[in-house]
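J.: Numbering (my numbering), first residue to last: 184 to 270. No residue lacks a Cβ here, since even glycine has one placed at the ideal position from N, Cα and C. Remember, predicted model here, so these are calculated numbers, not experimental data. Below is the structure I would like to discuss, written out as structure tokens.
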């Protein structure tokens, strides 16, 4: 789970994952880390890409590696990618 009602920016919150998913949390957090690592493999050419086109490249790359990932999850990942790129 990303975010918190007390934060106005995306941030990791492993305690929220543990509270929600209990004994399955460690596996889930490992799977999330694997997806984020695949997203980080994309190195856009910033001479021709902006945050949105780079996020679209991330979407294609991640979807190829995790074909079962649904659209809302990919949307969230791309939003996170474009948000963190601008930081």
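Is it buried or exposed, residue 214, if we count other Cβ atoms within 10 angstroms and call 16 or more buried?
T.: Here residue 214 refers to the residue found at position 31 when the chain shown is read from its first residue. Flag for residue 214 reads exposed.
J.: Would you mind reading off the limits of the alpha helix (DSSP H) that contains residue 203?
T.: To locate residue 203, count along the chain shown from 1; it is residue 20. Residues 197-204.
J.: Hey, quick one: how far does the alpha helix (DSSP H) through residue 246 stretch, first residue to last?
T.: Along the chain shown, one-based indexing puts residue 246 at 63. First-last of the alpha helix (DSSP H) with residue 246: 234-248.
J.: So which of 199, 205, 202 and 266 has the shortest CA-CA distance to residue 236?
T.: The residue labelled residue 236 in the question sits at position 53 within the chain shown. Answer by Cα proximity: 266.
J.: Take residue 241 and list the residues in its own chain whose beta-carbon comes closer than 8 Å to its own, dropping the five residues that flank it on each side.
T.: Walking along the chain shown from the start, residue 241 turns up at place 58. The answer, listed in chain order, is 222, 225, 260, 261 and 264.
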